[in-house]
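Protein chains in written order, with the working numbering: chain A, 50 to 350; chain B, -8 to 318.
For each residue, glycine too, the CB sits at the ideal point set by N, CA and C.
The model shown is predicted, which means the values in this text are computed figures rather than measured ones.
Following: one structure in structure tokens, then a few remarks.
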């Protein structure tokens, strides 16, 4: 009998509480599925009082060629995204059947056995950021960052997937920067090529999966101000990445000492650049005032 | 009934003519229309040189607020922005047409398009990817360049009259009305990048990986051309459907395309006859005559005066803005 799917996530020590909560939600619905955490950090840096309920594989155990260089050139965020295909390959070797990836900031609300059924006939499952034309207020942002979201994918052990992962990891190893002007967004934008380059790719058009800030405008999941889910049956997974954490989610991660874990600095990669959105917006408004000179000089010339 | 159309300005009529002839030779049952982003009556044209195909000028297809689009876009953006509006026009005004297929004018058809017709029986929309295998090199264009500008090449798109295709055209028109720009840092590359959404937004979109489709510099790394038994073949197995001479200039006959440095004639002697054939056909169709006509929709270049005054007037606030950004 083929083995059950293996679920995994990839994170730094400072996201371990999120990963444990994801694991709990999986075990609740699939006590028989294996759940692993791929750690882009050294296991020995995990605070002593933390006892992981789930097996952790750290990046050193993968013995990656060229990891030192990746660590030197990528930011913390880029690095953990770019390690994803390497961990996928590792876990696929371990499971030799089917693997499913969720961002560590995800929770599942339903059994997900339908994914395994899709993989009976397909090799790769990808999930689009958006499903409905003309709903998101600025669709070009999605074009810029990726039609597909890399916070979820599922793979079946096959020659097709071996070549997919070899290609993906080569690109994240050498060109895993976040640089939208150049068409680079760590691991995610590479997925654009996948339906054209590989066979048996399923584009999962399922509203309930990988709900996140990027698609909330087309998926009304709250029933009231308290963010109660409108219809729990329709929600398969929510990804809290970049979203203001709901109170219920905060409580869950705090059970695992999130406040302590959050303070652990990643040991690989360079610090993320400061978020300058606020400063940039002010500067943009100041420059807008300057256009008055253009307007005036165009008028008199 | 199938209608095929292309879009160009008068300076590209030799290409459109050449394309039309190649289409009609092997697919005489198709109707062919040249969409013209230009005006004929403003030019003194030798009528005997005009191709004998229907020319449909862009100001005749009722694009809402077309003037605004002309103001907003440069000539490349405008030429690509009108594509879905032509589809829309044919869908609304030609009820007897079931399949509508667009080709860029710099294409030659090499086969009877039965394969494509069969796919349009089964699917609503057919698109062709630039590449179906990785490049494995560091040349130009790269895999990330394609990501930035579009995985599928929109020198070709076919659709079948269907609710889904109509939905797609409506949405595409809306997007291209305001956002058919080249602005890579903000995710925009004319009509082509928007089309990346087709397979996720709409049903029955077929990504046609037939190796004979849309053969061009971007996929020649995976496609070898040969002429056997009166027929062009790709990788000795698939019949060449259509070749796309994107970025090829008669004035620079030794360059495959101005948009790349991967493919050259020294290493790829297999493609030399395909380009020779193209050059000869363009010349026979008066390329040298047509290429000099100026498009009516090209805007006069904007002249900025008082450049230095502007610079100094803006300096104090610019300094403040940079300071805030550096915080």
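Residue i classed as buried or exposed, judged by whether at least 16 other C-beta atoms fall within 10 angstroms
i	result
residue 86/A	buried
residue 177/A	buried
residue 72/A	buried
residue 190/B	buried
residue 112/A	exposed
residue 246/A	buried
residue 214/B	buried
residue 35/B	exposed
residue 193/A	buried
residue 102/A	exposed
residue 40/B	exposed
residue 120/A	buried
residue 241/B	exposed
residue -8/B	exposed
residue 65/A	buried
residue 131/B	exposed
residue 161/A	buried
residue 260/B	exposed
Contact with chain B by residue i, beta-carbon distance below 8 Å
i	result
residue 94/A	no
residue 267/A	no
residue 224/A	yes
residue 343/A	yes
residue 199/A	no
residue 311/A	no
residue 217/A	no
residue 339/A	yes
residue 283/A	no
residue 196/A	yes
residue 325/A	yes
residue 111/A	no
residue 121/A	no
Chain A contact for residue i (CB, 8 Å cutoff)
i	result
residue 136/B	yes
residue 114/B	no
residue 311/B	yes
residue 139/B	yes
residue 58/B	no
residue 165/B	yes
residue 64/B	no
residue 142/B	yes
residue 74/B	no
Chain-ordered neighbours of residue i on chain A, where CB pairs are closer than 9 Å
i	result
residue 216/B	Neighbours of residue 216/B on chain A: none; closest Cβ ~21 Å, over 9 Å.
residue 185/B	188, 189 and 192
residue 52/B	Those do not exist, as residue 52/B stays about 22 Å from chain A at its closest Cβ, beyond 9 Å.
Contact list for residue i against chain A, beta-carbon separation under 8 Å
i	result
residue 162/B	182 and 183
residue 171/B	Near residue 171/B there are no residues of chain A at all, since even the closest Cβ is about 11 Å away, more than 8 Å.
residue 150/B	Near residue 150/B there are no residues of chain A at all, since even the closest Cβ is about 15 Å away, more than 8 Å.
Interface partners of residue i on chain A, CB under 7 Å
i	result
residue 124/B	246
residue 301/B	342, 343 and 346
residue 318/B	328
residue 177/B	189 and 193
residue 305/B	339 and 342
residue 198/B	244 and 245
Distance between beta carbons of residue j and residue i, contact taken as under 8 Å
i	j	result
residue 172/A	residue 254/A	18 Å between Cβ atoms; not a contact.
residue 225/A	residue 118/A	In fact, because the Cβ distance is near 11 Å, the residues do not count as touching under 8 Å.
residue 13/B	residue 66/B	Rounded, the Cβ-Cβ distance is 25 Å, inconsistent with contact.
residue 264/B	residue 218/B	7 Å
residue 92/A	residue 105/A	6 Å
residue 68/A	residue 316/B	No, residue 68/A and residue 316/B are not in contact; Cβ-Cβ is about 35 Å, not under 8 Å.
residue 147/B	residue 205/B	5 Å
residue 156/B	residue 122/B	Not confirmed; about 25 Å, so no contact.
residue 104/B	residue 18/B	6 Å
residue 133/A	residue 236/A	5 Å
Listed by chain order, chain B residues near residue i by CB distance under 7 Å
i	result
residue 331/A	315
Within chain B, partners of residue i - CB distance below 8 Å
i	result
residue 237/A	None at all; the shortest Cβ gap to chain B is about 10 Å.
residue 350/A	296 and 297
Proximity test, Cβ basis, 8 Å: residue i and chain C
i	result
residue 177/A	Going by chain labels, chain C is absent from the structure shown, which instead holds the protein chains A and B.
Chain B residues whose Cβ lies nearer than 9 Å to that of residue i
i	result
residue 209/A	Residues of chain B passing the Cβ test: none, with the nearest at roughly 13 Å.
Original post:
Counting pairs of beta carbons, one from the stretch 87 to 95 of chain B and one from the stretch -4 to 4 of chain B, are three or more of them closer than 8 Å?
Top reply: yes
Original post:
Are the stretch 226 to 245 of chain B and the stretch 165 to 183 of chain B touching, with three or more C-beta to C-beta distances below 8 Å?
Top reply: no
Original post:
Are the stretch 145 to 157 of chain A and the stretch 155 to 168 of chain B in contact at 8 Å, needing three or more beta carbon pairs?
Top reply: no
Original post:
Can you find at least 3 beta carbon pairs, one from the stretch 251 to 265 of chain B and one from the stretch 26 to 38 of chain B, that sit closer than 8 Å?
Top reply: no
Subject >> Given 8 Å, three or more beta-carbon pairs between the stretch 70 to 81 of chain B and the stretch 45 to 57 of chain B >> reply: yes
Original post:
Does the stretch 334 to 346 of chain A come close enough to the stretch 64 to 77 of chain B to have 3 or more Cβ pairs within less than 8 Å?
Top reply: no
Original post:
Counting pairs of Cβ atoms below 8 Å between the stretch 285 to 294 of chain A and the stretch 258 to 266 of chain A, do you hit three or more?
Top reply: yes
**OP:** Specify whether the stretch 208 to 225 of chain A and the stretch 151 to 159 of chain A touch according to this definition: at least 3 beta carbon pairs, one from each stretch, less than 8 Å apart.
**Re:** no
Original post:
Should the stretch 186 to 201 of chain B be regarded as contacting the stretch 132 to 146 of chain B, the criterion being three or more beta carbon pairs within less than 8 Å?
Top reply: yes
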